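Enquirer:
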Amino acid sequence: MVSTIELNKRQEQILQIVKENGPITGEQIAEQLNLTRATLRPDLAILTMAGYLDARPRVGYFYTGKSEAQLLTENLQKIYVKDYQSVPVVVPENLSVYDAIVKMFLEDVGTLFVVDESSILAGVLSRKDLLRASIGKQELTTLPVNIIMTRMPNITMCQKDDLLIDVAMKLIEKQIDAMPVVKETEKGFEVIGRITKTNITEAFVSLVKNE
1 MVSTIELNKR QEQILQIVKE NGPITGEQIA EQLNLTRATL RPDLAILTMA GYLDARPRVG
61 YFYTGKSEAQ LLTENLQKIY VKDYQSVPVV VPENLSVYDA IVKMFLEDVG TLFVVDESSI
121 LAGVLSRKDL LRASIGKQEL TTLPVNIIMT RMPNITMCQK DDLLIDVAMK LIEKQIDAMP
181 VVKETEKGFE VIGRITKTNI TEAFVSLVKN E
């Protein structure tokens, strides 16, 4: 994955030369720095992959004029849900609230996805939903989760080919911690993954570290 990088002194020199003289060939850059073309090849490759420079055959290198913020924005447009989605934790809609609390604790997640008998998404259970139910006077071992869950069509969903940045904005807008990744079928939406704030944090950290 390509990202903005911290440039070393020689890479900064190369950028300056290309800014002032581009388009310019690799041989001409090497000559100005009194280095061989082979020595410069890794630096030119890094600068090109990172988006600072562009190269055209028989023309040479030229400066793209893009700032680090612009390059970061462009790279965010290349990250999709499928690259960072994790395994969903799914429960049946007749599960008791008590068992759902246990499931959430054992799986160490903040959101459960509720499915019907056809394994189609029926609802979403958050920590807040379960906490709210446990504070009341209901009998948690007999209260089914479908009584307290958020139901369709009020569920915020995404698909594997959605841009991760768009999903991040939805999570912020809706003030939720996770959303199901779904696949549309004849019966409804099948849950195939989940995206959480943790997934998105991992993606952004990975982008910055150029992993």
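Numbering (UniProt numbering) for the sequence shown: 1 to 211.
Just so it is clear, CB atoms sit at the ideal spot from N, CA and C, and this is done for glycine as well.
As the structure is a prediction and not an experimental result, all values here were calculated from the model.
Considering E173, what are the terminal residues of the alpha helix (DSSP H) in which it resides?
Expert: Residues 164-174.
Enquirer: Can you list, in chain order, the stretches of the beta strand (DSSP E) that have 3 or more residues and sit fully within the UniProt domain "HTH deoR-type" (7-71)?
Expert: DSSP runs (the beta strand (DSSP E)) wholly in the UniProt domain "HTH deoR-type" (7-71): 53-56, 60-63.
Enquirer: Indicate the three-state DSSP secondary structure (helix, strand or coil) for E202 in the structure shown.
Expert: Correct three-state label for E202: helix.
Enquirer: Give me the Cβ distance between V124 and Q159, rounded to the nearest whole Å; I'm assuming they're in contact under 8 Å.
Expert: Between Q159 and V124 the Cβ distance is about 16 Å, and since that is not below 8 Å, they are no contact.
Enquirer: Which value, in whole angstroms, describes the spacing of the CA atoms of I195 and S86?
Expert: Cα to Cα, I195 sits roughly 6 Å from S86.
Enquirer: Please state whether the Cβ-Cβ distance between L44 and I14 is less than 8 Å.
Expert: Going by C-beta atoms, L44 is nearer than 8 Å to I14.
Enquirer: Measure the C-alpha to C-alpha separation of F62 and F189 and round it to an integer number of angstroms.
Expert: Rounded to whole angstroms, F62 to F189 spans 48 Å at the Cα level.
Enquirer: What's the C-alpha gap between A77 and E117?
Expert: Sequence check: residue 77 is Gln here, not Ala. If I take the Cα positions, the gap works out to 37 Å.
Enquirer: Could you check whether V145 and V91 sit closer than 8 Å to each other, using their CB atoms as the reference points?
Expert: Contact: yes.
Enquirer: How many Å lie between M49 and V18 at the Cα?
Expert: Their Cα atoms are separated by approximately 15 Å.
Enquirer: Which residues share a DSSP beta bridge with L125?
Expert: Looking at the DSSP assignment, L125 forms a beta bridge with L112.
Enquirer: Comparing C-alpha positions only, which one of N21, Y52, E27, G65 sits nearest to L7?
Expert: Nearest option by C-alpha distance: Y52.
Enquirer: Just to check, is the beta-carbon of Y84 closer than 7 Å to a non-hydrogen atom of the ligand ZN?
Expert: Absence of the ligand ZN is noted for the structure shown, with no ligands found whatsoever.
Enquirer: In angstroms, rounded to a whole number, what distance separates the CA positions of T4 and E12?
Expert: With a pLDDT of 46 at T4, under the threshold of 50, the modelled position of that residue is not reliable, and no figure is offered here.
Enquirer: For E27, which option in Q16, E20, T39 has the closest C-alpha, if you only look at C-alpha atoms?
Expert: Considering only alpha carbons, the answer is T39.
Enquirer: By a C-beta neighbour count over all protein chains shown, 10 Å radius and 16 as the cutoff for buried, is P57 buried or exposed?
Expert: The residue is exposed, with fewer than 16 neighbouring Cβ atoms inside 10 Å.
Enquirer: Return helix, strand or coil for K183, following the three-state DSSP convention.
Expert: Looking at K183 - three-state DSSP - the assignment turns out to be strand.
Enquirer: Give the single residue among D166, L33, V89, V191 whose Cα lies nearest to the Cα of I79.
Expert: The shortest C-alpha separation from I79 is found at D166.
Enquirer: If you draw a straight line from the alpha carbon of E20 to that of G65, how long is it in whole angstroms?
Expert: In a straight line, the C-alpha of E20 is about 12 Å away from that of G65.
Enquirer: Can you tell me whether S118 is helix, strand or coil according to DSSP?
Expert: Residue state, collapsed to three classes: coil.
Enquirer: In the structure shown, what three-state DSSP assignment does I101 receive?
Expert: Here I101 sits in helix by DSSP.
Enquirer: Considering only residues of the same chain and omitting the five flanking positions on each side of S134, which have a CB-CB separation below 8 Å?
Expert: The residues are V97, I101, L140.
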